[in-house]
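Chains as they are written, first to last, in this note's numbering: chain L, -12 to 81; chain H, 6 to 667. Just so it is clear, CB atoms sit at the ideal spot from N, CA and C, and this is done for glycine as well. This one's a predicted model, so the numbers in the text were calculated from it and none came from an experiment.
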Amino acid sequence: MKEIEIVPLTDVKAGESGTVKTMNSGPGFINRMAAMGVSPGVQVTVMQNFKKRPLIIMARNTFIAISRLEAGWIGMEAGKGRPETGNRRPETGD
Amino acid sequence: MQEIKEETIALAGQPNVGKSTVFNALTGLHQHVGNWPGKTVARMTGSFSVNGQAYNVVDLPGTYSLTANSAEEVIARDYVVNDKPDAVVAVVNAAALERSLYLVSELMALDVPVIIALNMMDVAEDEGLAIDPRALEEALGVCVVPMAAARNIGVDELAPAVHEVVSGKRVLTPKMPEIRQTGDASAEKIELLIRDYVPAGHPPEWVVLKMMQGDDMILDMMQDKMPPESWKKVRELLDENRDTALGLARDRYRWIGQAAQKAVQKSSDETLSLTARWDAYATHPVWGGVIMLILIALGLFITKLTGMKLTWVSMDLFLPAIKEGARNFMAGHSPWLVSMVADGIISGLGVLLIFSVFLTFFFVLLGIVEDVGYMARVGYLMHRFMRRIGLHGKSFFPLGVGFACNVPGVIGSRVAETERSRLMTILLTPFVPCIAQTTVTVFLAPIFFGALAPLVVIGLILMDMAVLAVTGIILNNGLPKRERLGLIMELPLYHWPNPKTIAIYVWHQMKHFLQRAGTVIFAMTVLIWALGYFPHGRMETSFLAGIGHLLTPLGDLMGLSWKMLVALFASFIAKETAIATMGVVMGGADLAAALKAAVSPAAGLGFLVTHMLFIPCIATLSVIVGEARSWKWTLAVVGYLFFVAFGMGILVYQVARLFLGE
């Protein structure tokens, strides 16, 4: 069986989605994200991921803009891509 | 007749769930705006009645959770815990049900009857979600009222539902969130330890959860109440369970998920919503900026056209006539009385009228931008730029508006989410040169610098921006509670603006403006008139000129005569008054020639620098007092501007003198 690979949210390309596995930060950040719908186990779709720009993600039907540093704290199990939403260039990196 | 007690309910909800629309629908125009004690956060209250039973409604600030992350969250939580409303109506966004039930799960833990206003049913439907309110009611054990408040659907059922729950006609047993799987044993131990020390009104179970979530306010509160040795044990248990926040979040959503699963049917999951399609452009690094600039230009154009131009024209046409009429009508009375009515009172009312018309248009635009959900996109686009000066991206809007007029800029600071960034936005707006300041500069620069004038004007505006940036950095470092300005912001779904919501918004803003700032603007205009009139009825020998004379030593440092200083101080009435005052004190028909003769280019540059940085006009100052709710901060910013304006003016003059000559 393939080992589960955990990648930071910033490495997920625009149009792809995955499941939140870890959140490597203090309770303040975790509580704040949870209150906006991002918690362990939730499926997150990356809507926009441009170089040096905050990401735009969608989780639980909510669009959230999140800075790259904070997004990097969220560990994802990358899932199936959704190429049909790809009218954004899949550009990543810091 | 039976005695009827007024009941009080609180309205809670996350941002972007249509809470204000529900509030408006529930209370109609029976509303009152105030402020939460000691805060700049607006406090809305209203009332309605069902079958003769009167209800007060307190609109809590929109918050995602009840953890002490911000002033708003503390306000909402403290109100529910300490003021014990008879019920809380939780407005929930049906289109993002799970996420908005997070707050509900926190409210239910506070031992207060909860009624869910399941709003935005229409949006949910558009998003391909079918929600069964009865199933949700069943799953949560909480009364659920489905509605689409923006379309006026279902709101009539809310008030009777509240009445049934509060009067005890309808009793439901809430199925409390089970969020104790994680760290259960430790939680029980902590609860035993703290049980005797928990202040009244705080459910111990809830306090334990908040402590395990790392809520600083609750931790401090308990440390205060408990003897040190018991607190030490609690602290140890908490330290052992550092990862609890993550587990609690998962457990809470497990409970929410179970409820939502029973109530929600997804019909289609693959359609990309309209919002996502629009945001492909609206938040795009290039297109987003282009769209924003076009919209800002359009907004400024509309405001200028409808607001400013219209009012200036009518004022120029009618105000002199009205003043003349008043003078004729009062002929025979003592001259000071006539002048006070014509130049003081009527001018003051005229200024108020101008601002009222202008601000109304501005608030309509602001209301639309906010209501359709575009404001959040501006915040997103400008965040990288604004965070450098310690501000959130959203504050770009009020500062940008400041270029037209500082007054709506200061008031527009309300878009800032935290009290801290709001105060910073208020204090930084006066550094933005308004259209009147720019006009004065554009008028004077060619007189002093001829063909080089455009460069000077651009340079002066850039100087203002630089001072703003430096001040922003100083404030950001100096003010308490410095936040890392990481962006974590919801981008709400776009929707059509709701005319009623916007109309009520504009009405409240204008009422607030007239009550708070309007009175001050009026009083100050009359006061300045008095200073400029007495004791001899002439500006040249008035108290205002006297102040100018006192400042002669200061003027010497800048190469300016007292006349130019008086003109500078007159800009306190309104920035454009500087020119008119020069006309009066310099005398003569040709102001340009007189200025050219009296003021050297170096001194002219010094004057323009000082003018561009000078203390805000009366109207701006009045709204700063009203919005910051602090004379201390207002005086601090005035003192600072005064200091910086003259400091920079002197510096620039002294340096320029070396190159340009006296």
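What is the rounded straight-line gap between the Cα of Leu108(H) and the Cα of Met226(H)?
22 Å
Name the two residues that bound the continuous beta strand (DSSP E) containing Gln270(H).
269 to 271
Please list, in chain order, the residues of the segment 73 to 89 of chain H that have any C-beta partner in chain L closer than 7 Å.
Asn74
Among Val85(H), Thr68(H), Glu132(H), nearest to Leu106(H) - alpha-carbon criterion
Thr68(H)
Please classify Val212(H) as buried or exposed, where buried requires at least 16 neighbouring CB atoms within 10 angstroms.
buried
Please state the DSSP three-state secondary structure of Val604(H).
coil
Check for me: the alpha helix (DSSP H) holding His37(H) runs from which residue to which?
Looking at the DSSP string, His37(H) is not in any alpha helix (DSSP H); the run it does join, the beta strand (DSSP E), is 36 to 40.
Quick one: residues in its chain with C-beta nearer than 6 Å to the C-beta of Thr(-3)(L), no 5 flanking neighbours on either side, listed in chain order?
Arg55, Ala58, Gly59
Please classify Pro326(H): is it buried, with 16 or more other beta-carbons within 10 angstroms of its beta-carbon, or exposed?
At residue 326(H) the sequence reads Ala, which differs from the Pro that was named. Ala326(H) should be labelled exposed.
Partners in chain H for Asn48(L), counting only beta-carbon separations shorter than 9 Å
Asn98, Ala100, Ala101, Leu102, Glu103, Arg104, Ala129, Glu132, Leu134, Ser278, Leu498
Can you list, in chain order, the residues of its chain with a C-beta nearer than 6 Å to that of Lys328(H)? Leave out the 5 residues immediately preceding and following it.
Ala347, Ile351
Environment of Ala56(H) [buried if 16+ CB atoms lie within 10 Å]:
The identity of residue 56(H) in the sequence shown is Asn, whereas the question assumes Ala. Its Cβ having fewer than 16 others within 10 Å, Asn56(H) is exposed.
So with Cβ pairs under 9 Å, would you call Arg257(H) a contact of chain L?
yes
I'd like the list of long-range same chain contacts for Val167(H), defined as Cβ closer than 8 Å, with 5 residues on each side in sequence excluded.
Ile14, Val55, Tyr60, Ala92, Val94, Ile120
Could you list which residues in chain A have their beta carbon closer than 7 Å to that of Leu251(H), in chain order?
Given the protein chain composition of this structure (L and H), no chain A is represented.
Compare the C-beta of Val(-5)(L) against all C-beta atoms of chain H and say whether one is closer than 9 Å.
The question names Val, yet the displayed sequence has Pro at residue -5(L). No, Pro(-5)(L) lies away from the interface with chain H (no Cβ there is under 9 Å from its Cβ).
How many Å lie between Gly551(H) and Ile478(H) at the Cα?
37 Å
Interface residues of chain L around Gly219(H) at Cβ under 8 Å?
Gly13, Pro14, Gly15, Asn18
Beta carbon proximity, Ala65(L) to chain H, threshold 9 Å:
no
Can you tell me whether Phe619(H) is helix, strand or coil according to DSSP?
coil
Could you work out which residues of chain L lie near Ser70(H), taking near to mean beta carbons separated by less than 8 Å?
Asn18, Arg19, Ala21, Ala22
Would Phe453(H) and Val412(H) be called neighbours here (beta carbons separated by less than 9 Å)?
no
Separation of Leu404(H) from Val415(H), as counted between CA atoms
8 Å
Run through chain H and tell me which residues come within less than 9 Å of Ile53(L), C-beta to C-beta.
Gly491, Leu492, Ile493, Met494
Assuming Ile51(L) contacts Glu495(H) (C-beta within less than 8 Å), just tell me the rounded distance between them.
6 Å
Can you name the residues of chain L whose CB is closer than 7 Å to the CB of His388(H)?
Pro41
What's the C-alpha gap between Met587(H) and Ser547(H)?
15 Å
If you measure from the beta carbon of Leu364(H) to each beta carbon in chain L, is any gap under 9 Å?
no
To the nearest angstrom, report how far apart Lys89(H) and Glu12(H) are at their CA atoms.
11 Å
Rounded to the nearest angstrom, how far is the Cβ of Gly355(H) from that of Trp534(H), given a contact under 8 Å?
Going by Cβ atoms, the distance from Gly355(H) to Trp534(H) rounds to 12 Å, so no, they are not a contact pair.
Decide if Ser339(H) is buried, meaning its Cβ has at least 16 other Cβ atoms within 10 Å, or exposed.
exposed
Check whether Leu433(H) and Leu396(H) have beta carbons under 9 Å apart:
yes
Which residue or residues does DSSP assign as beta-bridge partners of Phe53(H)?
Tyr60(H)
Please indicate yes or no: does the CB of Gly537(H) lie closer than 8 Å to some heavy atom of the ligand NAD?
This structure lacks the ligand NAD; in fact it carries no ligand of any kind.
Please decide whether Thr288(H) counts as near chain L, where near means a Cβ-Cβ distance under 9 Å.
yes
Determine the burial state of Ile61(L): buried for a count of at least 16 other Cβ atoms within 10 Å of its Cβ, exposed for fewer.
buried
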